[in-house]
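Notes follow once the structure below has been shown.
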Amino acid sequence: MLKARVAVFVSGGGTNLQALLDADMPHADIVLVLSNREDAYALQRARAAGVDAFALPRGRAAFEREALPLLSRYRIDAVVLAGFLSILSENFLRSFPERVVNVHPSLIPSFCGKGYYGLRVHEAALAYGVKVTGATVHLVNEVPDGGRILRQKAVEVREDDTPQTLQRRVMEQAEWVLLPEAVEALCHDIVRLSDPHEKETSPC
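At position 123 of the sequence shown the residue is numbered 106 (my numbering), and the sequence of numbers has no breaks.
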């Protein structure tokens, strides 16, 4: 079976990367992990799984300048942002139209956009007093968290939640479920377009 070749961009611990590495994704092959932080534990997760992983410069221009040749060398079909704390340029996105995916820890359009990442999202949700939050997987465009939504899943907010407990529940119940589903679906479509003999069946 043909598989789409996937690169994952990370900045931190890599729990979403681990969810991808552990998932059953018949049409997706994670072959490269790139980080804008040398100390990102996600790099160790990737190497432990036998995936090539590199730390690149932190500045956006320098990161993209070094990332693009690597993506070409590894023949990457799709890019997944899994806890990647940088906004990609329009020029970069033009290299992968409709093939860059991000996971965000809220139900977009709530608590999203520039400045909303990590615990800040959950702090905002608790401060606002919402009873339901969740996660969203979406395509990436030039507007932060503004691309087409691929998947969403709601998660209950409890009375005794802290930002940390809410973050964990959203990851476990939504992010780690939705992201592999969305990546597999995108890669299935990529493979189907490149191989006319691929069966017209959806993985979802």
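Cβ atoms here follow ideal geometry from the backbone N, Cα and C, with glycine treated the same way.
Bridge partners - residue i, DSSP secondary structure assignment
i	result
F37	L17
E139	V115
A61	V(-11)
N85	L64 and H121
A11	A(-13)
I132	H121
Which listed residue (the options) has its alpha carbon closest to that of residue i
i	options	result
V86	G130, E158, R48 and C170	E158
P188	A(-13), A29 and F67	This structure cannot settle anything about residue 188, because the visible part of the chain is limited to -16 through 187.
R141	V113, Q156 and G130	V113
A44	E73, L26 and A23	E73
L162	R56, H171, R28 and H121	H121
R28	G(-4), F46, R48 and G42	G(-4)
Within 8 Å, strictly: CB atoms of residue i and residue j
i	j	result
L0	A50	no
G38	R20	Sequence check: residue 38 is Ala here, not Gly. Yes, the pair counts as a contact, with Cβ atoms nearer than the cut-off.
V160	V123	no
L76	E125	yes
V62	V34	no
T116	V153	yes
P80	L109	no
Own chain, CB closer than 6 Å to residue i, minus 5 neighbours either side, in chain order
i	result
I59	R(-12) and A(-10)
D128	H87, I91, C95 and G96
T184	Residue placement at T184 is flagged as unreliable, the pLDDT there being 47, under the threshold of 50; a coordinate-derived value is accordingly withheld.
V174	L(-15), A(-13), H10 and E181
L149	H105
P40	F46
Cβ shell of residue i (< 7 Å), same chain only, five flanking positions each side left out
i	result
V(-7)	L0, V16, S18, A23, A25, A65, G66 and F67
R131	H121 and L122
Residue i at chain D interface by Cβ criterion, 8 Å
i	result
G117	Absent from the structure is chain D; it holds one protein chain and no more.
Beta-carbon contacts of residue i that lie in its chain and below 8 Å, excluding the five residues immediately before and after
i	result
S78	L51 and L54
Review point. Does the count of Cβ pairs from the segment 97 to 109 and the segment 130 to 138 closer than 8 Å reach three?
Key: no
**Study point:** At least 3 beta-carbon pairs within less than 8 Å: the segment 159 to 174 vs the segment -1 to 14
**Key:** yes
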